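**Q** Numbering (this note's numbering), first residue to last: 11 to 207. One structure is given below, represented as structure tokens, and several questions about it will come after.
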């Protein structure tokens with residue numbers, strides 16, 4: 011037996027190359043798994059189509075949808091949601107939540123009234139913060155069932171919404187609008203508006 015220390019054997023060029031390739035493959039697989047989990051369980055991209063949410067959202071704006079919130083809580087009045095169109099589930103719509111389960115929504119005289127569960131009369135919904143003075147055409151009265159939501163576009167004269175296709179069930183809602191990503195000069199995150207009671 012020799013007491014002479016052994017020098018480590020130098021790796022060949024091929025071994026070094028394959029080591030790098032294996033490390034890169036590992037990083038790509040881990041990153042891909044993270045992207046898959048985030049994309050399919052937490053957030054989703056969405057592109058606005060049409061003018062029904064003007065002046066707050068315009069055609070071709072790129073949004074990020076939070077898909078997790080409504081697994082943990084219920085949608086709130088004023089939140090902007092993306093959902094499957096009840097008459098054609100292959101299509102996705104973007105609208106604002108106006109009425110909540112158990113409430114009655116009344117559209118008349120260019121205004122929106124909401125009768126909350128337990129109230130004797132509908133109350134005028136103060137939408138000035140996001141609508142300005144845009145009137146709401148139509149004459150409608152809808153009482154919402156369990157897990158049903160009344161949704162409307164912000165461009166009330168040009169919006170196909172619950173006034174025509176009825177309530178949206180919670181299981182049709184994909185998520186809430188969390189962020190406007192494009193155009194870059196309009197990047198914005200969105201909070202639920204407050205209403206005067």
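For glycine and all other residues, C-beta sits at the position ideal for the given N, C-alpha and C. The structure presented is a predicted model; accordingly, all values stated were derived computationally and were not measured.
Could you tell me whether the segment 75-82 touches the segment 184-192, where touching means 3 or more Cβ pairs closer than 8 Å?
**A** These segments touch.
**Q** What three-state label does DSSP hand residue 108 in the structure shown?
**A** DSSP places residue 108 in strand when its eight states are reduced to three.
**Q** How big is the Cα-Cα spacing for residue 93 and residue 25?
**A** For residue 93 and residue 25, the distance between alpha carbons rounds to 52 Å.
**Q** In the structure shown, what three-state DSSP assignment does residue 76 receive?
**A** In this structure, residue 76 counts as strand in the three-state DSSP scheme.
**Q** Pick helix, strand or coil for residue 138, following the three-state DSSP scheme.
**A** Residue 138: helix per DSSP, three-state reduction.
**Q** Comparing C-alpha positions only, which one of 72, 63, 40 and 30 sits nearest to residue 197?
**A** Selected option, being the one with the closest Cα: 72.
**Q** So, with DSSP's three-state summary, where would you put residue 28?
**A** In the structure shown, residue 28 sits in a helix (DSSP, three-state: H, G or I).
**Q** With a CB to CB cut of under 7 Å and the five nearest residues on each side skipped, what residues in its chain are close to residue 179?
**A** Excluding sequence neighbours, residue 179 sits near 157 and 158.
**Q** Starting from residue 190, trace the beta strand (DSSP E) in both directions and tell me its first and last residue.
**A** Segment 183-192, the beta strand (DSSP E) holding residue 190.
**Q** Please say whether residue 122 and residue 104 have beta carbons closer to each other than 8 Å?
**A** No, the pair does not count as a contact, with Cβ atoms beyond the cut-off.
**Q** Below 8 Å on the Cβ atoms is my guess for residue 117 versus residue 149; work out the distance and round it to an integer in Å.
**A** Rounded, the Cβ-Cβ distance is 6 Å, consistent with contact.
**Q** Using only the alpha-carbon positions, how far apart do residue 203 and residue 127 sit?
**A** Cα to Cα, residue 203 sits roughly 21 Å from residue 127.
**Q** Ordered along the chain, which non-local residues of its own chain (more than five positions away) have a Cβ less than 8 Å from that of residue 162?
**A** Cβ neighbours of residue 162 beyond the five flanking positions: 105, 106, 108, 122, 146, 169, 171, 172 and 173.
**Q** Just to check my reading of the structure: residue 56 and residue 102 have Cβ atoms closer than 8 Å, yes? What is that Cβ distance to the nearest angstrom?
**A** Sure, about 7 Å apart at Cβ, within 8 Å.
**Q** Please classify residue 160 as buried or exposed, where buried requires at least 16 neighbouring CB atoms within 10 angstroms.
**A** Looking at its Cβ environment, which holds 16 or more other Cβ atoms inside 10 Å, residue 160 is buried.
**Q** Ends of the alpha helix (DSSP H) at residue 67?
**A** Note, residue 67: premise wrong, no alpha helix (DSSP H); not H, not E.
**Q** Smallest Cα separation from residue 114: which of 85, 155 and 23?
**A** Looking at the Cα atoms, 155 is the closest of the given residues.
**Q** Which full runs of the beta strand (DSSP E) of 3+ residues lie inside the segment 109-181, going along the chain?
**A** As far as the segment 109-181 is concerned, its whole beta strand (DSSP E) runs of at least 3 residues are 114-118, 121-125, 150-153 and 158-162.
**Q** If you measure between the beta carbons of residue 164 and residue 89, is that distance less than 8 Å?
**A** Not in contact: residue 164 and residue 89 (Cβ atoms no closer than 8 Å).
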